Amino acid sequence: MPSVASPAAARQATSLDRHLFLRPIAHRGLHSRRKGLIENSAPAFQAAIDKGYGIECDLQAAKGGAPMVFHDERLERLIAASGRISERSPAALARLTYRHQSTGILSFEQLLELVGERVPLLVEVKRNKHPPPRPFLERIAAQAALYRGPLGLMSFDRDIVTLLSRLAPGVARGWVVGRHQLAARWWAAPPTARKDAAVARLLSSAPGEIAFLAVDVKLIKSARGFLAARAIELPLFSWTIRTRRERAAAARFADAPIFEGYEA
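Okay, so the sequence shown: first residue is 773 according to this note's numbering, each after it adds one.
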């Protein structure tokens, strides 16, 4: 199977429209506690749309596999309820609301309807301790394939990305890369050629036929060097951009930031 290490792989994958996607991407929507806009909620997504930002969001599986727009495996950080999201049906989840809010958890279908093709979407498919159920991925693929707006599916999990390439071959797919995929304390060591080599080995193991990378800002310089050395022209997003220093790194080495905590 082609890998990211091969320029041909990038050409074979369903590509992202750079004109549409290469703009600031609001991480979990343009959320703000101060403004009462909760991450991954309809108001946060609408705020991003109003500003013309792209949207990054997360999908978790409800009971039975329905994809729901929620980051955590468990409910209690944001919802006045406890337990795993996978233990409740979509109907039961729809009756819950975010703390101190009247808005509730969106389904993936509702998110697509809300966005309505107006801004690009980067959709992270979550994996928890266990692989997600096959119906979850099948429903994501089916809904994404029917959507006519700019959309990319992505995951940290290589197997998920590979399966989505089979279930939705016409939808762009990307790999999310973070520090936790490297040796412990990699990021705390001073920059060296060995650090760059470690990132290169990681990126060389990417799933085949990906259309983009979404890389931890701590790895972005090394990732850019890896792509440049191999003449690979995949769009490179960087996350999660919060500080001035991170903004500078993303501006220099990434094609677009996935940001939060400020307006780009």
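Glycine included, each C-beta is placed from N, C-alpha and C at the ideal position. Note that the structure is a prediction, hence the values are computed from the model and not measured.
Between D988 and G1033, the C-beta gap is not smaller than 7 Å, which leaves the two residues out of contact. In its chain, beyond the 5 residues on either side, V971, A972, L975 have a beta carbon closer than 7 Å to the beta carbon of F998.
Between the C-alpha atoms of A986 and A852 there is a straight-line separation of about 32 Å.
With contacts defined by Cβ atoms closer than 7 Å, T1012 and I1030 form a contacting pair. Taken atom to atom, the span from the alpha-carbon of L792 to that of G824 is near 11 Å.
Assignment of H799 by DSSP, reduced to helix, strand and coil, places it in the strand class.
Within the segment 830-871, the complete beta strand (DSSP E) segments at least 3 residues long are 839-841, listed from N- to C-terminus. Pairwise C-beta distances place the segment 911-919 in contact with the segment 940-960, as three or more of them are shorter than 8 Å. Pairing R899 with A1000, the inter-Cα distance amounts to about 30 Å.
In the structure shown, V943 adopts coil according to DSSP, grouped into three states. When DSSP states are grouped into helix, strand and coil, S937 belongs to the helix group. As a beta-bridge residue in DSSP terms, A1028 pairs with F1009. Cβ neighbours of P904 within its own chain (closer than 6 Å, five residues either side excluded): A833. Excluding sequence positions up to five before and after P815, its CB lies within less than 7 Å of the CB of L809, T875, all in the same chain and listed in chain order.
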